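Here is the structure we will look at, set down as structure tokens.
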Amino acid sequence: MDKIKEKKMSDIQQKSSKIVVFELARAIDARVSKVGLLHNGFNGAYARAAGRYVCVRYHHSQEPSYLSIDEARRYLEWIRAGHVGPHWYLRDRQND
15 MDKIKEKKMS DIQQKSSKIV VFELARAIDA RVSKVGLLHN GFNGAYARAA GRYVCVRYHH
75 SQEPSYLSID EARRYLEWIR AGHVGPHWYL RDRQND
């Protein structure tokens, strides 16, 4: 009986994390794919859900990066605060 409950909880957690990833990807995509960001080196930028990760790419010739849910949340907060740039700019500033 406990194994059934554990499996149901696991399924719920997986579905929940997929929804979170999808929503984060959609929100990030709305910010990074804007035409106005082209002057910052963004060209063909997008974000999409990729399993348990958010896949982001800033330039069409660049390999995509995969952000965990926590990384994607921090990045989304950062760009909503008015910052512009790829997620590693946020990491660089946190390490200063």
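Every number in the numbering used here is 14 more than the matching position in the sequence shown, counting from 1. Each residue gets a CB set at the ideal place from its N, CA and C atoms; glycine is no exception. Quick caveat: nothing in here was measured; it's all calculated off a predicted structure.
With fewer than 16 other CB atoms across the displayed protein chains lying within 10 angstroms of its CB, A44 is exposed. Inclusion of W92 and L81 in the CB contact set at 8 Å is not warranted, their separation being larger than that value. Spatial neighbours of S47 in its own chain (CB-CB distance under 7 Å, excluding positions within 5 residues in sequence) are listed in chain order as A59, Y60. Close CB contacts of R87 within its chain, under the 8 Å cut and outside five residues either way in sequence, are with L38 (chain order). Looking at the DSSP output, H73 shares a beta bridge with N57. Beyond the five residues adjoining it in sequence on each side, H101 comes within less than 7 Å, by CB distance, of V70, S79, L81, E85, Y89 in the same chain, given in chain order.
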